[in-house]
Amino acid sequence: MIRNHIARDFLDVCKRLYSKGFVAASDGNVSVRMDNGKVLCTPTGRNKGDLKADDLVLIDMEGKVLDGTSQPSTEIQMHLLYYKQRPDVRAVVHAHPPYCTGFATTGEGLTGCVLPEIVVSLGTIPLAPYATPSTAEVPESILPFVNKHDVIMLRNHGVVASGSTVLSAYYALEKTEHAANILFIARALGGETRLTESQVRQLKEISSGSYGIDALSKPSCETANSADNARFSSASQSSLELKEHIRRAIKDLRL
Ligand SMILES: [Zn+2]
47 MIRNHIARDF LDVCKRLYSK GFVAASDGNV SVRMDNGKVL CTPTGRNKGD LKADDLVLID
107 MEGKVLDGTS QPSTEIQMHL LYYKQRPDVR AVVHAHPPYC TGFATTGEGL TGCVLPEIVV
167 SLGTIPLAPY ATPSTAEVPE SILPFVNKHD VIMLRNHGVV ASGSTVLSAY YALEKTEHAA
227 NILFIARALG GETRLTESQV RQLKEISSGS YGIDALSKPS CETANSADNA RFSSASQSSL
287 ELKEHIRRAI KDLRL
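For the sequence shown, our numbering assigns the number 47 to the initial residue and increments by one for each residue that follows.
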């Protein structure tokens, strides 16, 4: 029998995915590996916002249905790959959040060291090559990344996130979408700047030492290069120029 708190958190995550617009219609899928090694997952073809505990499907590690009236999600092999490769992973969430998926269609993962929170919690989010959804190509496409990365973007498709609980997997996905949203805004304002290598080192040391976050083991993101530095200095110059214009305008008003 499914323990109440697992079903409660599971259904809570399903509702958040739909209400936040991270999935549309019947998109996306969620699973949890339980203490007995069996996996609880979303049924195929259902809206995540409407699910009840009785709708969930219990399967074994090969995807065989053990309990439930529906078939499991067609992407369940992607979840099972995470469980087989990573003993620490107990939950997997897959969705199509718009900003992340937008970047995934352009062929860009979130690999730059831009936001301190992402640098210490996820490190970097790679982009797996395109694979036809619901086929064995999908787990094959993420295989090179699963051991090191908690979150992977799927080319022209979406995002898969993992965690030690269903809520932590969901939060990893939410953080990634938030970072993609910020990066989108930064690009509209002229482009982001990356943190330097020494800034990233300091950040990871402080996070590991003071906050107990295992930041040093996270996969390394790409630090600032000369192009970033040039953009940063030109942005600073523009800011100085703007201040000079304002100073002159104030002076003119006083005349
Ligand atoms: Zn999908």
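Here a beta-carbon is modelled for each residue, glycine too, at the ideal position from N, C-alpha and C.
Please read these numbers as outputs of a predicted model, since none were measured by experiment.
Query                                                                                                                                                                                       : Result
Listed in chain order, which residues are found with a beta carbon closer than 7 Å to a heavy atom of ligand 1?                                                                             : D73, G74, E121, H140, H142, P179, H203, G204
Can you tell which of Y257, L241, E108, S256 has the C-alpha that lies nearest to the C-alpha of S266?                                                                                      : L241
If you follow the beta strand (DSSP E) that M107 is in, where does it begin and where does it stop?                                                                                         : Note, M107: premise wrong, no beta strand (DSSP E); not H, not E.
Within its chain, find whatever has a CB closer than 6 Å to the CB of D55; leave out the 5 residues flanking it on each side and keep chain order.                                          : V212, L213
For the alpha helix (DSSP H) holding A218, just list the boundary residues, first then last.                                                                                                : 212-234
Spatial neighbours of V111 within its chain, please: CB distance less than 8 Å, with the 5 preceding and 5 following residues excluded, ordered by chain position.                          : V103, L104, I105, Q117, P118
Please go through the same chain and pick out, in chain order, the residues whose beta-carbon is closer than 7 Å to the beta-carbon of G109, but skip the five residues on each side of it. : P118, I122, Q123, L126
Do you know offhand how far G91's Cα is from A234's?                                                                                                                                        : 36 Å
Since A218 and V192 are thought to touch, with beta carbons under 8 Å apart, how far apart are those beta carbons, to the nearest angstrom?                                                 : About 14 Å; that fails the 8 Å criterion.
Assuming K94 contacts C60 (C-beta within less than 8 Å), just tell me the rounded distance between them.                                                                                    : 4 Å
Using beta-carbon positions only, say whether V26 and T178 come within less than 9 Å of one another.                                                                                        : Outside the modelled stretch of the chain, which goes from 47 to 301, sits residue 26, for which no answer is possible.
A99: buried (16+ other C-beta within 10 angstroms of its C-beta) or exposed?                                                                                                                : exposed
What residues match up with N271 in a beta bridge as DSSP calls it?                                                                                                                         : According to DSSP, which records beta bridges pairwise, N271 is partnered with nothing at all.
How would you write the range of the beta strand (DSSP E) that G204 sits in, first residue to last?                                                                                         : 204-209
Can you tell which of K264, S210, Y257 has its C-alpha closest to the C-alpha of V135?                                                                                                      : S210
Do you know how far the Cα of F68 is from the Cα of V165?                                                                                                                                   : 22 Å
Can you give me the start and stop residues for the beta strand (DSSP E) that V59 sits inside?                                                                                              : Here V59 belongs to no beta strand (DSSP E); instead the alpha helix (DSSP H) covers 50-65.
Classify S77 as buried or exposed, calling it buried when 16 or more other Cβ atoms lie within 10 Å of its own Cβ.                                                                          : buried
Suppose you measure from the CA of A53 to the CA of D101; what does that come to, to the nearest Å?                                                                                         : 11 Å
Quick check for students: name the residue ranges of the alpha helix (DSSP H) that lie wholly in the stretch 233-259, counting only runs of 4 or more.                                      : 243-256
Tell whether a beta-carbon distance below 9 Å holds between A226 and P172.                                                                                                                  : no
Between the C-alpha atoms of A71 and S256, what's the straight-line distance to the nearest angstrom?                                                                                       : 43 Å
Looking at the structure shown, is G74 part of a helix, part of a strand, or coil, going by DSSP?                                                                                           : coil
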